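Residue numbers (my numbering), protein chains in the order written: chain A, 31 to 294; chain B, 8 to 362. Backbone N, C-alpha and C fix where the C-beta goes; we use that ideal spot for every residue, glycine too. Computed from a predicted model, the values in this text were never measured in an experiment. Structure, as structure tokens:
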């Protein structure tokens, strides 16, 4: 019985802490217009989340990142990467990594949202880094301007992620991924943490309002339909030309051969 | 039964079974069958059953075409325009669009297939020779044309009316002049504009699109900013075009100072923040595919790669020259400013550029 009671208290406490942490971050943000470093970590009741994250970290992450996140030959140090970076990498399934390579790919996440937040809270204790943006901050995109977002997207993002967010190749096997599956929170986190090859777009140089507009634009891109069907990856004239030359001309050649063939 | 036989036996206008059913008069005007060419009979020529089958096949193709035309008409009214359908490879799109396009395409395709099948299986396939007609017209036709020209020349009086003749010649001689004059638009040769951008000493660096001044402490390591000179909007207004935007665009990147291997001038960075032209030195594409872990900048057009940690040197691709660096510092209020203009022309090479 005592065990059961402890278990229930733990679960309840972590949800409460989460809610509290989000509230603190969002209020703090609206006050100073700056990313708040995990303030919640200082609060006593946060400890259970950190403890849980610590256990998960020792089990799933420490073999590459070291028991204290100091990094090993197989993985970089996590000091100062911040909660947002952990949440991005784990919630997109990129971490834990399946196999080393030029690019870590998106896959189904290995941890649920609660475990991900616990890991993020634990790694945030290694050193100050960008915190997970508040729900309010992320949801701001619903009020943002699409056209402004388009302008900002084309200036800051489209060179790698393509005009339609379809992604594109970089050097030596690296690539910018498609934005089709990215959630608003993940897009926000990617901009402030700069995962893998991506540079950082800090809140001071690309303001939260600009980020909201960019997220809005990506959401509009992802839900826009292809009236003609078959977008060919929205990669533009290269794929369109290739299909036309191979499929279109191929069919014409097949018919020409048939018309010219001798009949028995 | 042999499949091969002499061509002269294959085409006989009097033979009801083998000749096209035309009058003798028409048949003699048709091209004559080629002599000395081996001709193979088709199964439909020799086997009436096969011919009947081919006939049914052709009719089936035409019937299929009619069916698809009817499907087009019916679905035009029957399928609501808003209905969406998921088709593999094509994706979610308008059902009406898909059905209309497919049925219309198949309707015309089956007419074509039926016609070709008909021609190949049932129409006569005798090898024919058609002699080419002589290109030169008959002598009397030529003479007629020349006479008509002479009559016209006499009647117009171009020989007698010197004033008209001379003024016409003058007009025709002058007419090409506009084409010569328009060559002027190839010039004038550019003066300084290929060598100079808007950047100059103490000009603030602002973010593109949002036009905010930038403080160095707001740029974390690994941060990328597309930036412009602060007066870019005024210049655009004044010049009425976007040329200056195309020349003055820069990238600001912060890296750890110890990561910087070399720069184009002593301390042209500001605490690890370096500014480079955003215009590729190959053919001038805007270039911003910055990989923050390698400090490589990749051009999307032709894959030229520059190392921003090493003076912007090209390390891969067709670009031959380094990306020009802009020397930066901060003003007394702590905002980033240019220390001077670009010291070399930005963008692609041009004839007068020199080495």
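DSSP on residue i, reduced to helix/strand/coil?
i	result
residue 126 of chain A	coil
residue 299 of chain B	coil
residue 359 of chain B	helix
residue 337 of chain B	strand
residue 220 of chain B	strand
residue 211 of chain A	coil
residue 7 of chain B	Because residue 7 of chain B is not part of the residues shown, which for chain B are 8 to 362, the question remains open.
residue 32 of chain A	For residue 32 of chain A, the predicted model reports a pLDDT of 49, less than 50, meaning its position is unreliable and no value from the coordinates is stated.
residue 73 of chain A	Per-residue confidence for residue 73 of chain A stands at a pLDDT of 44, beneath the threshold of 50, marking its modelled position as unreliable; the derived number appears in the next sentence. Note: residue 73 of chain A maps to coil in three-state DSSP.
residue 206 of chain A	strand
residue 268 of chain B	coil
residue 227 of chain B	coil
residue 94 of chain B	strand
residue 304 of chain B	strand
residue 323 of chain B	strand
residue 167 of chain A	helix
residue 133 of chain A	coil
residue 276 of chain A	helix
residue 64 of chain A	For residue 64 of chain A, the predicted structure reports a pLDDT of 44, less than 50, and the residue's modelled location is therefore unreliable. A value from the coordinates is still provided. In the structure shown, residue 64 of chain A sits in coil (DSSP, three-state: anything other than H, G, I, E or B).
residue 282 of chain A	helix
residue 226 of chain A	coil
residue 317 of chain B	strand
residue 49 of chain A	helix
residue 107 of chain A	coil
residue 249 of chain B	coil
residue 269 of chain A	helix
residue 23 of chain B	Confidence at residue 23 of chain B is low in this model, with a pLDDT of 47, below 50, so the placement of that residue should be treated as unreliable; the coordinate-derived value is given next. Coil at residue 23 of chain B, not helix or strand.
residue 204 of chain B	coil
Quick one: which chain A residues come within Cβ less than 9 Å of residue i?
i	result
residue 299 of chain B	224, 226, 227, 228, 229, 230
residue 94 of chain B	259, 260
Taking residue i as part of the beta strand (DSSP E), name the residues at either end of that continuous run.
i	result
residue 262 of chain B	From DSSP, residue 262 of chain B is part of no beta strand (DSSP E); its letter is neither H nor E.
residue 314 of chain B	312-314
residue 213 of chain B	212-214
residue 99 of chain B	98-101
residue 282 of chain B	280-284
Note down, in chain order, every chain B residue with its Cβ under 8 Å from the Cβ of residue i.
i	result
residue 258 of chain A	100, 104
residue 204 of chain A	298
So which residues of chain A does residue i contact, with C-beta pairs closer than 7 Å?
i	result
residue 97 of chain B	259, 260
residue 295 of chain B	189
residue 312 of chain B	201
residue 305 of chain B	200, 201
residue 53 of chain B	Chain A residues near residue 53 of chain B: none, gap ~11 Å exceeds 7 Å.
Give a yes or no on whether the minimum CB-CB distance between residue i and chain E is below 8 Å.
i	result
residue 352 of chain B	Protein chains in the displayed structure are A and B, and chain E is not among them.
Tell me where the alpha helix (DSSP H) around residue i begins and ends.
i	result
residue 230 of chain A	Per DSSP, residue 230 of chain A belongs to no alpha helix (DSSP H) and is neither H nor E.
residue 78 of chain B	55-85
residue 347 of chain B	Premise fails: residue 347 of chain B is in no alpha helix (DSSP H) and is neither H nor E.
residue 231 of chain B	Here residue 231 of chain B belongs to no alpha helix (DSSP H); instead the beta strand (DSSP E) covers 231-236.
residue 150 of chain A	143-154
residue 94 of chain A	92-95
residue 240 of chain B	239-246
residue 115 of chain A	112-121
residue 195 of chain B	First-last for residue 195 of chain B: undefined, no H or E at that position.
residue 184 of chain B	184-188
residue 248 of chain A	238-253
Using a cut-off of 7 Å between C-beta atoms, extract the partners of residue i located in chain B.
i	result
residue 235 of chain A	214, 221, 225, 226, 230, 232
Starting from the beta carbon of residue i, find every residue of chain A whose beta carbon is closer than 8 Å, and list them in chain order.
i	result
residue 273 of chain B	None at all; the shortest Cβ gap to chain A is about 26 Å.
residue 49 of chain B	293, 294
residue 161 of chain B	Going along chain A, no residue has its Cβ under 8 Å from residue 161 of chain B, so there is no contact; the nearest lies around 56 Å.
For this session: Quick one: which residues of the segment 143-156 of chain A get their C-beta closer than 8 Å to a C-beta of chain B? List them in chain order.
Result: none
For this session: Could you pull out every unbroken alpha helix (DSSP H) segment of at least 4 residues lying fully inside the segment 110-172 of chain B, listed in chain order?
Result: 146-163
Exercise. Of all the residues that make up the segment 267-293 of chain A, which are near chain B by a beta-carbon distance shorter than 9 Å?
Worked result: 285, 288, 289, 291, 292, 293
For this session: Anything in the segment 166-186 of chain A with a Cβ closer than 7 Å to a Cβ of chain B? List those residues in chain order, please.
Result: 181, 182, 185, 186
For this session: Name, going along the chain, the residues of the segment 114-131 of chain B whose beta-carbon falls closer than 7 Å to a beta-carbon of chain A.
Result: 123, 127, 128
Exercise. Between the segment 237-257 of chain A and chain B, which residues of the former have CB atoms less than 8 Å from a CB of the latter, in chain order?
Worked result: 237, 240, 255, 256, 257
Problem set entry | Whole runs of the alpha helix (DSSP H) within the segment 170-207 of chain A, excluding any shorter than 4 residues | 176-186, 188-191
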